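Asker:
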Amino acid sequence: MHKVTNVLILLKSMIYESTGPLETLRFAKHYSKQGLNVNIILFGPMGVILAKKDKAGAREYDQRINECMNLGVNFMCCKLGSSLVGLKYEQMIPGIEIIEPKAIADTILEFSQKQQLIITL
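Heads up: the sequence shown begins at 0 in numbering that gives the first Met the number 0, then just goes up one per residue.
(1) Does V84 come out as helix, strand or coil in the three-state DSSP assignment?
(2) Using the Cα positions of G34 and T4, report the straight-line distance between them to the nearest angstrom.
(3) On a CA-only basis, which of I48, K28, N73 is nearest N38? Give me that one, please.
(4) Taking a contact to mean a Cβ-Cβ separation below 8 Å, would you say S31 touches C67 in this structure?
(5) Taking 6 Å as the limit between beta carbons, can you name the residues of its chain near M13, skipping five residues before and five after?
(6) So is E25 buried or exposed if we call it buried at 16+ other beta carbons inside 10 Å?
(7) Take R63 as the anchor and find which of V6, I98, E22, S82 has the nearest alpha-carbon.
(8) With H, G and I counted as helix, E and B as strand and the rest as coil, what does DSSP make of M68?
(9) DSSP on K52, reduced to helix/strand/coil?
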């Protein structure tokens with residue numbers, strides 16, 4: 000039987016209109032505490048909003064992201080999505096990596112080929 004050691008969570012939904020961002024952070028924390036390597040990719044014009052620091056009306060997200068990072072969760076943000084909404088690197092929560100759309104496609108393929116867990120919210 001194949002063992003899952005890595006989790007990839009893809010978030011594309013808007014922070015203010017969905018439970019996806021909160022579920023993403025809950026799942027990340029849960030899997031990380033189980034010893035799994037967790038990666039979160041924020042993409043699309045709406046998903047990248049989670050990367051913005053000091054979001055109006057949603058400051059608890061910054062704290063939850065930092066808690067996940069302290070557990071070793073890796074956050075990546077799509078460069079194209081962030082540019083579409085005008086989100087600059089210096090406006091992002093420190094520690095979130097900017098990646099090209101091609102890297103997202105490659106990461107999904109890599110996780111699939113290795114039969115690792117991929118969750119889309």
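Even for Gly, the Cβ is constructed at its ideal location relative to N, Cα and C. It should be emphasised that the depicted structure is a prediction, and the values quoted were computed from it without experimental measurement.
Answerer: Put simply:
(1) What you label residue 84 is simply residue 85 of the sequence shown in a count that begins at 1. Reduced to three states, the DSSP call for V84 is coil.
(2) For the purposes of this step, residue 34 is identified with residue 35 of the sequence shown, where counting begins at 1. For the purposes of this step, residue 4 is identified with residue 5 of the sequence shown, where counting begins at 1. Computed Cα separation, rounded: 8 Å.
(3) Mapped onto the sequence shown, residue 38 falls at position 39. Closest by alpha carbon: N73.
(4) In the sequence shown, counting from the first residue as 1, residue 31 sits at position 32. In the sequence shown, counting from the first residue as 1, residue 67 sits at position 68. In this structure, C67 lies closer than 8 Å to S31 by Cβ.
(5) Mapped onto the sequence shown, residue 13 falls at position 14. For M13, where only same-chain residues beyond five positions count, the Cβ hits under 6 Å are M45.
(6) Counting from one through the sequence shown, the residue named residue 25 turns up at place 26. Position check: residue 25 holds Arg in this sequence, whereas Glu was assumed. Flag for R25 reads exposed.
(7) Here residue 63 refers to the residue found at position 64 of the sequence shown. When each option's Cα is compared against that of R63, the closest is E22.
(8) Taking the sequence shown and counting its residues from 1, one reaches residue 68 at position 69. Note: M68 maps to helix in three-state DSSP.
(9) Residue numbering aside, residue 52 sits at position 53 when the sequence shown is read from its first letter. DSSP places K52 in coil when its eight states are reduced to three.
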